[in-house]
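J.: If you scroll down you'll find the structure; I have some questions about it.
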């Protein structure tokens, strides 16, 4: 007998015995039943799992054929008892019941009893099994008809009861999260209404959970697009699926419908911001190494093009009537639409070049949309954008890839008469001629591939085509050179793929900035036969060149520089470069589209070749250019250059005062210029790599390492990572490396401002102070040795030895005080010591000077000491003022010593007129907007002729002065002034008057600061606690820095009118100014308008601005103004929150989430004392009587939902 039949027979015996035995002999009945169950247990125990499963399936199949509900009930009750006795697993029984083919609602007896049995035993099933049962329930529910008749209603009710039992949280059968996850996978709307209602109610219970787990108004939120260095935690809220553009939401919860839609608005906003490509790649999880086509990105690029076309329609007629169809060459304020197209071409080239988007798809989509819209004013700009890509890539791809663009000619240029040839003195002519240039490239490529484009050029472009052909003829060479530079640009753009036509106009462009390169005697001043050109190519001319032409131009410049570096001229500075060439090269580096030949070529090709050729003059020029001309350079390139500079500093050839000073000054700018978010991202990368490409820590310069620590402290404070030792563990190796190379300590007032992690580290690694009394004694002894020695060789050998104490500058100082002259031998010793080792001598001299002044008997000796130092700077050229003051301000000084050092610095800077005169002259004759000038070099030379700068004593002739193209003592002093202001803010308030005096005389230098608003933001943020009760000092800082730019920036480029009025008040007036709510509403509205794309900060070339785009600029100027208010953080933060809480009446309801997003961005960028008020307000609201005793009909989730 088979196992299945034996099971059925045993079950029947149990049931028969149970029915035959009289009810009064219950004990006998129980025993027989138990014996039957034992037999069944023995039988099941001997079965394999497969046989056991098959036996139960057979038995249930038999039971399903019984058409009597009581008998079915009895048969299944035996199974229930088997489960209770652990003979049969509950999961196995439930699985066999739910999978039975006979479990259909048309078999009512078996259906009803089966579902009742499952409901009884389901408690013994694990959660995975319950999930499978629930899936089966969904399938069974879908089997019912839409209209359930009375005869099948009991079956439906049994199913519903089982589902309700599973849904019951008190039953603890299945986590509710798993239940809703399964529900959301099926369209429950197709089920019977009773089941759908049950499911909908369960989902409704999760609406509040989904609201708590999601960001309210997430779909209305927009980010601030920074330069680079996006940490994962900062980009996660903006992550989008590259296929659907949907947010990455966790779990299958009933989120708000807006969160489940494609977030096209978010991607469009980011794409519209200059310098946003890194963020776009992070949002969509693009990898440059992978070819990852993104149709959604293509759609948004097409939308941006159409949006730009609409802009052109609105602006075109107005600009034409105002300008008469032409723009002045010197009118640098291009229209907003032109900036839109300029940025759009950059975005399109990048995403198509890296194959995230397909050119043909974009063109076809545009043709489809433009065919039904009359948008013509922007057609030339559109063709200019396409020309950028086509001219650079048509030689690498088949002509078939570019043929779709021919369809655009039909709808964009339908004129039946030829268009007139544009004025080639107008920079817009290159855009107007762009469609003809594209046609020329297409025809050339088709000819190369022997492909027949069987169509003539559009009639509208016929004259343009003939004009370009006429210009290209070699016989028209005189005509070409008599025209403007835009003629060169037109020919370069049209024939960049045809060498025979391209070389002539490109060489003409190069000659305008190169001059006569065959003249080796021509120098920077123009002292040769023919002076070198000084006027660079204007930004208008460079903008009028295609990317392909720009790449050819920058390649030619770099090759010329390398050739110049290899030219070993016997004439001092005989291989000087033309100033126009260098300035043009620096301007080309702002174009992100040519990054591979731009900054990558600068660091990877040009600098190594120049260093290899030991062309120190060219190296000096390139470092100066990086310091004073480079904008928006990615942080990893800047850190890479920093490591190069540290390795360069140890090379013997750079141990020359001028070059060494330039290396250290450039490194200082790189260090303090690192953004707060960039610091950890970049420095930790170098520390984590097994073989880092370079060292970010200086091996010798204590000042640079101190600056690095100050930058690290600022970064930790602003990013909020300085309180947790675990999150800051990455920097421990960095700090230990610094202490190993340049051990030093910090004064208490500086340690007080450090984040706890840094404070604790330096408290544990305290360096004992050197006795200045002992230093004084040693200097006196060495000076006696100096006075007693008569043999020059012995003197040089003794004092030039590296093993001796680094006290020679102390001796020079003492020598000048006592004799008012310097011995000629001293110059030879300084030469032998070298610029690198002289830094150690300078630190000793600063300590010695402090001791002398602190212990002087009266003012006469102090003045004598300061005059001596000034002579060493300005008369004898032994040290530079920026190097000396930097060393002095960074010494470890507390208490009275700190005050003495500040007093000395004040006297050094202001007692004599040497430095003040230079500052005044420099800010008077120069403008920081170098990209708008063509005579910068002339003004630069005029300044150096009036104030010649020497980096070595006159008696030192072994190293000729290197040519200076960009820098001067004023610009070199700016980062030092930054540090001076910070040190003054750390000390007691009584020294504020000294800072006021310094700012009075030198504050105008901030006109040339490369990041004035960032510096203010970092200062006010980092020293918020120090400045909280010093409103006048905050006002003075903001007023000085922003006011220094009043002559070169629009009136409201940074501060609102209300704050400008406050800055203009005297110290005795309006100290207690408390802005009203209207002030904060207007401040937030200005930033909201910027986020909405309104042209609030017009006339700004974002390629040269300190911030990459308008929203970033708006955020930081807003934060600076809020941090500069004469009220406490609590008042400011509450007022910003009240913009919505109390000022909601002036905010349209439809954009209230947008305003909330803007307020959130502002609060997040402020110090903790500001944003912590949000939690205080929340706590106050939650503890209020209205919240504790809820008396409203709506729930809090509904009450606080702006959409209801």
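Residue numbers (my numbering): 151 to 1354. Glycine is no exception: its CB is placed at the ideal position from the N, C-alpha and C atoms.
#1: Which residue marks the beginning of the alpha helix (DSSP H) containing residue 1204, and which one marks its end?
#2: Rounded to a whole number of angstroms, what is the C-alpha to C-alpha distance between residue 463 and residue 524?
#3: Short check: CB of residue 1355 to CB of residue 448, under 8 Å?
#4: The alpha helix (DSSP H) with residue 1250 in it runs from where to where?
#5: Taking one C-beta from the segment 988-995 and one from the segment 1024-1042 each time, how about it: are there three or more such pairs within less than 8 Å?
#6: Can you tell me the Cβ-Cβ gap for residue 1061 and residue 1016, rounded? I've got them flagged as a contact below 8 Å.
#7: Between which residues of its own chain and residue 1345 is the CB-CB distance below 8 Å, once the five residues before and five after are set aside?
#8: Which stretch, first to last residue, makes up the alpha helix (DSSP H) that contains residue 331?
#9: For the segment 1228-1239 against the segment 1187-1196, do three or more pairs of beta-carbon atoms, one drawn from each stretch, fall closer than 8 Å, so that the two count as touching?
#10: Beta-carbon within less than 8 Å of residue 730's beta-carbon, same chain only, minus the 5 sequence neighbours each way: which residues are those?
#11: Work out the CA separation of residue 560 and residue 715 for me, nearest whole Å.
#12: Determine the DSSP secondary structure at residue 397, reduced to helix, strand or coil.
#13: Can you give the beta carbon distance from residue 580 to residue 507, rounded, assuming they're within the 8 Å contact cut?
#14: Between residue 1283 and residue 1323, is the Cβ-Cβ spacing less than 8 Å?
#15: Using only CA atoms, which one of 511, 319, 162 and 762 lies nearest to residue 183?
#16: Please report whether the beta-carbon of residue 685 lies at a distance below 8 Å from any beta-carbon of chain D.
#17: What separation, rounded to the nearest whole angstrom, lies between the Cα atoms of residue 769 and residue 488?
#18: May I ask you to list the residues that DSSP assigns as paired with residue 390?
#19: Going by C-alpha distance, which of 1270, 1309 and 1333 is nearest residue 370?
#20: Beta-carbon separation of residue 614 and residue 586 under 8 Å?
#21: Among 1047, 1020, 1036 and 1054, whose alpha-carbon lies nearest the alpha-carbon of residue 1009?
#22: Three-state secondary structure (DSSP) at residue 851?
#23: With H, G and I counted as helix, E and B as strand and the rest as coil, what does DSSP make of residue 802?
#24: Does the distance from the C-beta atom of residue 1212 to that of residue 1185 stay below 8 Å?
#25: Please report the distance separating the alpha-carbon of residue 329 from that of residue 317.
#26: Just list the alpha helix (DSSP H) runs in the segment 951-978, keeping only unbroken ones of 4 residues or longer that don't cross its boundaries, in chain order.
#27: Shorter than 7 Å, the distance from the beta carbon of residue 854 to the closest heavy atom of the ligand FMN, or not?
#28: Quick check on DSSP: helix, strand or coil for residue 215?
#29: Identify whether residue 611 lies in helix, strand or coil by the three-state DSSP scheme.
#30: Do residue 794 and residue 757 have their C-beta atoms within less than 8 Å of each other?
#31: Do residue 418 and residue 453 have their C-beta atoms within less than 8 Å of each other?
#32: On the DSSP letters alone, give me the boundaries of the alpha helix (DSSP H) that residue 686 sits inside.
#33: Can you grab the Cα-Cα spacing for the pair residue 679 / residue 1118, in whole Å?
#34: Touching or not, the segment 941-955 and the segment 974-986, by the rule of three or more beta carbon pairs under 8 Å?
#35: Buried or exposed for residue 1202, going by 16 or more other Cβ atoms inside 10 Å?
#36: Going by the beta-carbon positions, is the gap between residue 1319 and residue 1136 smaller than 8 Å?
T.: Walking through what the data contain:
#1: Start at 1 with the first residue of the chain shown, and residue 1204 comes out as number 1054. Premise fails: residue 1204 is in no alpha helix (DSSP H) and is neither H nor E.
#2: In the chain shown, counting from the first residue as 1, residue 463 sits at position 313. In the chain shown, counting from the first residue as 1, residue 524 sits at position 374. Using only the alpha carbons, I get a separation of about 10 Å.
#3: No answer is possible for residue 1355: the residues shown for the chain start at 151 and end at 1354.
#4: Here the question's residue 1250 lines up with position 1100 in the chain shown. Per DSSP, residue 1250 lies in no alpha helix (DSSP H) and is assigned neither H nor E.
#5: The segment 988-995 vs the segment 1024-1042: in contact.
#6: By 1-based counting over the chain shown, the position of residue 1061 is 911. By 1-based counting over the chain shown, the position of residue 1016 is 866. That pair is a contact at about 6 Å.
#7: Here residue 1345 refers to the residue found at position 1195 when the chain shown is read from its first residue. Hits under 8 Å: 358.
#8: Against the chain shown, residue 331 aligns to sequence position 181. Boundaries of the alpha helix (DSSP H) harbouring residue 331: 326-333, taken from the DSSP string.
#9: no
#10: The residue labelled residue 730 in the question sits at position 580 within the chain shown. The residues are 662, 663, 664, 665, 682, 683, 684, 685, 686, 687 and 1087.
#11: By one-based count along the chain shown, residue 715 stands at place 565. By one-based count along the chain shown, residue 560 stands at place 410. Approximately 52 Å, taken between the alpha carbons.
#12: Here residue 397 refers to the residue found at position 247 when the chain shown is read from its first residue. Correct three-state label for residue 397: strand.
#13: One-based indexing of the chain shown puts residue 580 at position 430. One-based indexing of the chain shown puts residue 507 at position 357. With a Cβ gap of about 25 Å, residue 580 and residue 507 do not count as contacting.
#14: By one-based count along the chain shown, residue 1283 stands at place 1133. By one-based count along the chain shown, residue 1323 stands at place 1173. For the 8 Å CB-CB criterion, residue 1283 and residue 1323 form a contact.
#15: Along the chain shown, one-based indexing puts residue 183 at 33. Nearest option by C-alpha distance: 162.
#16: In summary, chain D is missing from the structure at hand, where a single protein chain is found.
#17: Here residue 769 is taken as the residue at index 619 of the chain shown, counted from 1. Here residue 488 is taken as the residue at index 338 of the chain shown, counted from 1. About 36 Å.
#18: To locate residue 390, count along the chain shown from 1; it is residue 240. In the DSSP output, where bridge partners are listed per residue, residue 390 has 397.
#19: For this step, residue 370 is matched to residue 220 along the chain shown. The residue with the shortest Cα to Cα distance from residue 370 is 1309.
#20: On the chain shown, position 464 is the one that residue 614 refers to. On the chain shown, position 436 is the one that residue 586 refers to. Yes; because the gap between Cβ atoms is below 8 Å, this pair is in contact.
#21: In the chain shown, counting from the first residue as 1, residue 1009 sits at position 859. Of the listed residues, the one whose Cα sits closest to residue 1009 is 1054.
#22: As a first step, residue 851 is located in the chain shown; it is residue number 701 there, counting from the start. It is coil, neither helix nor strand.
#23: Within the chain shown, numbered from 1, the residue matching residue 802 stands at position 652. Reduced to three states, the DSSP call for residue 802 is helix.
#24: Position 1062 of the chain shown, counting from 1, holds the residue named residue 1212. Position 1035 of the chain shown, counting from 1, holds the residue named residue 1185. In contact: residue 1212 and residue 1185 (Cβ atoms closer than 8 Å).
#25: Start at 1 with the first residue of the chain shown, and residue 329 comes out as number 179. Start at 1 with the first residue of the chain shown, and residue 317 comes out as number 167. CA-to-CA, the gap between residue 329 and residue 317 works out to about 7 Å.
#26: 958-969
#27: As presented, the structure is devoid of all ligands, the ligand FMN included, so that no description of it is given.
#28: Sequence index remark: in the chain shown, residue 215 carries index 65 (1-based). It is coil, neither helix nor strand.
#29: Counting from 1 along the chain shown, the entry for residue 611 is found at position 461. Helix at residue 611.
#30: On the chain shown, residue 794 is found 644 positions in, with the first residue counted as 1. On the chain shown, residue 757 is found 607 positions in, with the first residue counted as 1. In contact: residue 794 and residue 757 (Cβ atoms closer than 8 Å).
#31: In the chain shown, the residue the question calls residue 418 occupies position 268. In the chain shown, the residue the question calls residue 453 occupies position 303. A contact, by the Cβ cut-off of 8 Å.
#32: Here residue 686 refers to the residue found at position 536 of the chain shown. First-last for residue 686: undefined, no H or E at that position.
#33: One-based indexing of the chain shown puts residue 679 at position 529. One-based indexing of the chain shown puts residue 1118 at position 968. Summary for residue 679: the model assigns pLDDT 46, below 50, so the residue's position carries little reliability, and this model does not support an answer.
#34: As far as the Cβ criterion goes, the segment 941-955 touches the segment 974-986, which means the pair count is three or higher.
#35: Position 1052 of the chain shown holds residue 1202. Counting other Cβ atoms within 10 Å of its Cβ, residue 1202 stays below 16 and is therefore classed as exposed.
#36: Within the chain shown, numbered from 1, the residue matching residue 1319 stands at position 1169. Within the chain shown, numbered from 1, the residue matching residue 1136 stands at position 986. No; because the gap between Cβ atoms is not below 8 Å, this pair is not in contact.
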